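*Asks:*
Here it is in structure tokens:
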């Protein structure tokens with residue numbers, strides 16, 4: 006149904022909100038489906054997009070103006086790659102719509118995948134399981 010790079014609107018739960026005991030995101034925001042794994046193909050891994058500059062020390066990827074326009078996003082937009090929500094495809098309760106609102110290019114996805122891998126290797130990647 007969804008493919009890597011799709012931009013969805015989803016009630017993303019930030020790690021800081023999860024740490025404060027919240028169970029659902031406060032508002033629907035664009036998120037990017039970056040990966041599907043062969044070991045767990047039913048799981049979706051959603052990375053948040055934001056128009057706010059990331060805090061110092063965050064691992065993020067700034068999308069260029071053309072990429073934002075192509076994906077239907079405001080400029081500037083950053084893809085945060087040091088935290089993500091994951092859930093099963095049949096548990097998309099916080100998804101605003103079943104259709105993607107845009108997608109990122111394969112070239113950007115390759116760069117993002119490298120950043121995610123680096124964040125994981127340095128233990129700077131945080132997963133929030135949404136059920």
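Residue numbers (my numbering): 6 to 136. Every residue gets a Cβ at the ideal spot worked out from N, C-alpha and C, and that includes glycine. Note that the structure is predicted; figures quoted are calculated from it, not measured.
Quick one: Cα of residue 25 to Cα of residue 18, how far?
*Replies:* As a position in the chain shown, residue 25 is number 20, starting the count at 1. As a position in the chain shown, residue 18 is number 13, starting the count at 1. Computed Cα separation, rounded: 11 Å.
*Asks:* Roughly how many whole angstroms lie between the Cα atoms of residue 85 and residue 77?
*Replies:* To locate residue 85, count along the chain shown from 1; it is residue 80. To locate residue 77, count along the chain shown from 1; it is residue 72. Using only the alpha carbons, I get a separation of about 17 Å.
*Asks:* Considering just the uninterrupted stretch of the alpha helix (DSSP H) at residue 122, what are its terminal residues?
*Replies:* Taking the chain shown and counting its residues from 1, one reaches residue 122 at position 117. Here the alpha helix (DSSP H) through residue 122 covers 111 to 126.
*Asks:* To which residues of the same chain is residue 56 closer than 7 Å at the C-beta, ignoring the five residues directly before and after it?
*Replies:* Position 51 of the chain shown holds residue 56. 79, 81 and 82.
*Asks:* Considering just the uninterrupted stretch of the alpha helix (DSSP H) at residue 24, what are its terminal residues?
*Replies:* Your numbering for residue 24 matches position 19 in the chain shown. Unbroken alpha helix (DSSP H) run through residue 24: 20 to 24.
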